[in-house]
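Undergrad: 1 is the number of the first residue of the sequence shown in the UniProt record's numbering; add one for each residue after it.
Each residue gets a CB set at the ideal place from its N, CA and C atoms; glycine is no exception.
Given the structure is predicted, the values throughout are model-derived calculations rather than measurements.
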Amino acid sequence: MAAGLIAFLGDNLRTLPIGWITLSAFLLAVIIRLSTDPLRHVPGPLIARLTPLWLWYISYSGIECRTIAALHEKYGPVVRIAPSEVDISDGAVINPVYIKNGGFLKVDIYQHYDFDGFPTIFSGRNPALRASRAKAVAPMFATREIVKGRPIVQEVIDEMVVELRRRIAEASGSPLDVLNLFRALSIDITTAYLFGESFNGLGREKLSATAFVDNLFAGARFFYLPPWLYRHVDRLASVFDKERMNIAKSSAIVDEYVARAVTKSVAEKDTEAQTYQGRLLEAGISQEEIKSQLLDVVFAGTDPPAMALAKMCWYLTKLPAKYERVRQEVLGNTNLDASSLPYLSGVVKESLRLSMATPTRLPRKVPAGGFNACGVSIPAGTNVGIGAYSLHLNPEVFPNPHEFMPERWLESTPEMLRDSFSFGSGLRQCIARNLATQWLHWIAEALVRSDVLQGAKPVTDEIEVREWFNSKVIGGKIELVWK
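Below you can see the structure in the form of structure tokens.
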């Protein structure tokens with residue numbers, strides 16, 4: 001067909017106006033692209049075969065997950081969403097993409113999350129480079145060390161309960177933003193345990209790191225842009241950001257804190273204190289890179305736990321029967337760790353399932369030889385991925401998926417455990433998975449045992465989010481009111 005069109009155009013170009021020539025050239029390019037496309041057998045909308053612009057648009061608009069979920073409803077578990085991008089919704093593909101033989105490699109766009117030009121443990125695309133850094137700090141995320149560090153963590157948790165009571169009294173029946181409070185708690189626990197010195201966010205009415213974190217979240221709306229374009233777009237967006245002064249101030253505060261932590265470790269020869277930065281220093285990592293690694297930890301350790309905790313409180317105060325059930329379990333416990341309490345553990349797991357701090361897919365590059373996804377052949381070089389949104393809201397795995405049902409975890413299925421994707425999966429999953437999960441159990445236990453949620457109600461009927469790579473609560477608040 002393409003050959004015939006070329007012959008036709010060759011015979012008639014001399015008599016066609018320039019506009020028709022341009023249109024014909026465009027149509028020819030489209031026909032050639034469609035007829036030679038290695039992904040032409042993968043189902044999906046026509047526009048996804050022609051351009052990535054529509055994917056960039058739905059990502060920027062914060063509607064990526066719901067839009068792609070609708071495509072899966074129409075086309076099945078394997079859907080083409082851009083010329084070289086495929087989204088998969090079947091948890092059976094988690095193993096080959098993320099686990100088996102170390103999983104597929106991360107795609108280049110993860111470099112958007114580099115700090116000061118340094119790939120971090122999260123953003124690094126070179127497995128060997130990531131492994132050397134992860135190995136240095138891995139002992140801090142082992143269960144034994146986590147339990148050993150509980151006094152440090154518990155002190156911050158107790159401080160949070162006191163601060164929450166103070167804010168409740170001060171609010172006098174007005175709405176209270178628990179997301180901001182839990183962000184402060186998360187950054188304080190993370191820095192106190194890992195860095196050896198708390199950021200002291202709980203002592204401030206408004207967390208000073210908020211603008212720093214929110215600015216990085218905003219960059220996630222451009223996540224799918226190629227690196228050369230991302231740099232220009234992100235820079236241009238920052239110029240017109242009305243919060244740029246607050247962002248600069250917040251970033252300077254976080255930078256100063258991180259620099260101080262590294263300098264202190266160097267001065268104290270912190271190779272025996274075994275802080276996060278001390279372990280990296282011992283591994284021979286430069287001070288400048290260590291600062292970047294710490295910035296990444298501050299960012300990653302602030303919002304995901306806070307989202308889970310804020311949504312946990314929102315659901316428990318909305319559903320008093322479930323709150324009473326978990327409270328009776330906690331009050332009846334005298335010697336078990338919080339993670340051993342079945343219903344409380346269900347509350348934590350269900351909060352993680354529905355909070356989805358990273359709801360979109362985690363893209364990977366298909367290696368040489370390609371692979372088969374749900375009966376669909378995917379060629380090498382294609383970007384593929386699975387997202388928490390598709391997995392966590394799959395009614396075949398989680399019946400009534402939009403409902404908060406901690407009891408579903410009392411008899412969890414292998415598919416439920418497989419599809420729990422809050423931290424990713426495989427060797428390059430979130431390095432702090434065990435740490436964050438344990439902390440969430442301890443915090444949930446403290447909130448329930450203290451009964452500080454008694455009398456609280458959600459201010460809104462729904463929590464709306466922008467479905468960026470890092471989800472963003474619209475309005476920036478999750479509010480409760482105590483009557």
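(1) Taking three-plus beta-carbon pairs below 8 Å as touching, is the region 346-359 in contact with the region 438-455?
(2) Using the rule of at least 16 other Cβ atoms within 10 Å of the residue's Cβ for burial, across every protein chain shown, is Tyr57 buried or exposed?
(3) Taking only the alpha-carbon atoms, compute the straight-line gap between Phe371 and Ser377 and give it to the nearest angstrom.
(4) Please classify Ile157 as buried or exposed, where buried requires at least 16 neighbouring CB atoms within 10 angstroms.
(5) By the three-class DSSP mapping on this structure, what secondary structure does Asn215 have?
(6) What does the Cβ neighbour count give for Gln454, buried or exposed, with the cut at 16 atoms within 10 Å?
(7) Please classify Lys472: does DSSP put it in a helix, a strand, or coil?
(8) Can you tell me the Cβ-Cβ gap for Gln277 and Ile290, rounded? I've got them flagged as a contact below 8 Å.
(9) For Ile64, is the classification buried or exposed, using 16 other Cβ atoms within 10 angstroms of its Cβ as the cut-off for buried?
(10) Using beta carbons (cut-off 9 Å, strictly below), is Trp439 in contact with chain D?
(11) Report the three-state DSSP secondary structure of Pro363 (helix, strand or coil).
(12) Can you tell me where the alpha helix (DSSP H) with residue 496 in it begins and where it stops?
(13) Are there 16 or more other CB atoms within 10 angstroms of the CB of Leu474, so buried, or fewer, so exposed?
(14) Whose CA, out of Val459, Asp296, His41 and Phe212, lies closest to the CA of Pro194?
(15) Quick check on Arg466: does DSSP put it in helix, strand or coil?
(16) My guess is that Pro139 and Glu145 are in contact by the Cβ rule of under 8 Å, so how many angstroms apart are they, rounded?
(17) Are the region 255-263 and the region 195-209 touching by the rule of at least three beta carbon pairs closer than 8 Å?
(18) Where do the N-terminal and C-terminal ends of the beta strand (DSSP E) with Phe371 fall, by residue?
(19) Run the CB neighbour count on Phe240, radius 10 Å, all protein chains shown included, and call it buried at 16 or more, exposed below.
(20) In angstroms, rounded to a whole number, what distance separates the CA positions of Phe469 and Val448?
(21) How far does the alpha helix (DSSP H) with Gly346 in it extend, from its first residue to its last?
(22) Does the beta-carbon of Lys242 have 16 or more other beta-carbons within 10 angstroms, so that it is buried, or is it exposed?
(23) Can you tell me the Cα-Cα spacing of Arg433 and Pro83, whole angstroms?
(24) Using only alpha-carbon positions, find the residue among Gly332, Val481 and Ser471 that is nearest to Ala218.
(25) Do you know offhand how far Gly44's Cα is from Arg244's?
(26) Would you check if the distance between the CB atom of Gly387 and the CB atom of Tyr98 is smaller than 9 Å?
(27) I'd like the ranges of any beta strand (DSSP E) spanning at least 3 consecutive residues and lying wholly in the region 73-102.
(28) For the structure I just gave you, are there three or more beta carbon pairs, one from the region 178-193 and one from the region 218-230, closer than 8 Å?
(29) Helix, strand or coil for Lys206 per DSSP?
(30) Report yes or no: do the region 305-322 and the region 404-417 share at least 3 C-beta pairs separated by less than 8 Å?
(31) Relative to the C-alpha of Arg364, which candidate in Leu440, Ala211, Val93 and Ile168 has its C-alpha closest?
(32) Measuring alpha carbon to alpha carbon, tell me which of Asn335, Lys148, Arg204 and Asp234 ends up nearest Trp439.
(33) Quick one, which of Leu71, Ser340 and Ser292 has its alpha-carbon nearest Ala261's?
(34) Can you tell me where the alpha helix (DSSP H) with Trp409 in it begins and where it stops?
(35) To the nearest angstrom, report how far apart Gly476 and Asp234 are at their CA atoms.
(36) Straight-line CA distance for Glu464 to Phe212?
TA: In short, the structure shows the following:
(1) yes
(2) Translated into the one-based positions of the sequence shown, residue 57 becomes position 57. Answer is exposed; the Cβ neighbour count stays below 16.
(3) Counting from one through the sequence shown, the residue named residue 371 turns up at place 371. Counting from one through the sequence shown, the residue named residue 377 turns up at place 377. Approximately 6 Å, taken between the alpha carbons.
(4) Counting from one through the sequence shown, the residue named residue 157 turns up at place 157. Classification of Ile157: buried, given that the 10 Å Cβ count is 16 or more.
(5) Here the question's residue 215 lines up with position 215 in the sequence shown. Asn215 falls in the helix class under three-state DSSP.
(6) Indexing the sequence shown from 1 puts residue 454 at position 454. Burial call: exposed.
(7) Position 472 of the sequence shown, counted from the first residue, corresponds to residue 472. In this structure, Lys472 counts as strand in the three-state DSSP scheme.
(8) For this step, residue 277 is matched to residue 277 along the sequence shown. For this step, residue 290 is matched to residue 290 along the sequence shown. Right, the Cβ-Cβ distance comes to about 5 Å (below 8 Å), so this counts as a contact.
(9) As a first step, residue 64 is located in the sequence shown; it is residue number 64 there, counting from the start. For the sequence presented, residue 64 should be read as Glu rather than Ile. Its Cβ being crowded by 16 or more others within 10 Å, Glu64 is buried.
(10) The structure shown contains no chain D; it holds only a single protein chain.
(11) For the purposes of this step, residue 363 is identified with residue 363 of the sequence shown, where counting begins at 1. Of the three classes helix, strand and coil, the one that applies to Pro363 here is coil, per DSSP.
(12) Any property of residue 496 remains undetermined from this structure, which presents the chain solely from 1 to 483.
(13) Here residue 474 corresponds to residue number 474 of the sequence shown, with the count starting at 1. Checking the displayed sequence, the identity of residue 474 turns out to be Ile instead of Leu. Per the 10 Å Cβ criterion, exposed.
(14) Working through the sequence shown from its first residue, we reach residue 194 at position 194. Looking at the sequence itself, residue 194 is Leu, so the reference to Pro does not match. Residue Asp296 is the option with its Cα nearest to Leu194.
(15) The residue given as residue 466 occupies position 466 in the sequence shown. Strand, per DSSP.
(16) As a first step, residue 139 must be located in the sequence shown, where it is residue number 139. As a first step, residue 145 must be located in the sequence shown, where it is residue number 145. Right, the Cβ-Cβ distance comes to about 6 Å (below 8 Å), so this counts as a contact.
(17) yes
(18) Here residue 371 refers to the residue found at position 371 of the sequence shown. Phe371 -> beta strand (DSSP E) spans Phe371 to Ala373.
(19) For the purposes of this step, residue 240 is identified with residue 240 of the sequence shown, where counting begins at 1. When all chains shown are included, Phe240 counts as exposed.
(20) The count along the sequence shown starts at 1 and reaches residue 469 at position 469. The count along the sequence shown starts at 1 and reaches residue 448 at position 448. Phe469 and Val448: Cα-Cα distance of roughly 31 Å.
(21) In the sequence shown, residue 346 corresponds to position 346, counting from 1. Per DSSP, Gly346 belongs to the alpha helix (DSSP H) from Pro342 to Ser355.
(22) Residue mapping note: residue 242 aligns to position 242 of the sequence shown, counting from 1. Looking at its Cβ environment, which holds fewer than 16 other Cβ atoms inside 10 Å, Lys242 is exposed.
(23) For this step, residue 433 is matched to residue 433 along the sequence shown. For this step, residue 83 is matched to residue 83 along the sequence shown. Approximately 33 Å between the Cα atoms of the pair.
(24) Taking the sequence shown and counting its residues from 1, the one referred to as residue 218 is at position 218. Answer by Cα proximity: Ser471.
(25) Taking the sequence shown and counting its residues from 1, one reaches residue 44 at position 44. Taking the sequence shown and counting its residues from 1, one reaches residue 244 at position 244. The alpha-carbon atoms of Gly44 and Arg244 are separated by roughly 39 Å.
(26) Mapped onto the sequence shown, residue 387 falls at position 387. Mapped onto the sequence shown, residue 98 falls at position 98. Their beta carbons are not under 9 Å apart, which means Gly387 does not touch Tyr98 by this criterion.
(27) 78-82 and 85-88
(28) no
(29) The count along the sequence shown starts at 1 and reaches residue 206 at position 206. Coil.
(30) yes
(31) For the purposes of this step, residue 364 is taken as the residue at position 364 of the sequence shown. Of Leu440, Ala211, Val93 and Ile168, the residue nearest in Cα terms is Val93.
(32) Along the sequence shown, read from residue 1 onward, the residue named residue 439 stands at position 439. Trp439 has its Cα closest to that of Lys148, out of Asn335, Lys148, Arg204 and Asp234.
(33) In the sequence shown, residue 261 corresponds to position 261, counting from 1. Answer by Cα proximity: Ser292.
(34) If you number the sequence shown from 1, residue 409 lands on position 409. It is not in any alpha helix (DSSP H) - Trp409 carries neither H nor E in the DSSP assignment.
(35) Here residue 476 is taken as the residue at index 476 of the sequence shown, counted from 1. Here residue 234 is taken as the residue at index 234 of the sequence shown, counted from 1. One C-alpha to the other measures close to 21 Å.
(36) Position 464 of the sequence shown, counting from 1, holds the residue named residue 464. Position 212 of the sequence shown, counting from 1, holds the residue named residue 212. Rounded to the nearest angstrom, the two C-alpha atoms are 22 Å apart.
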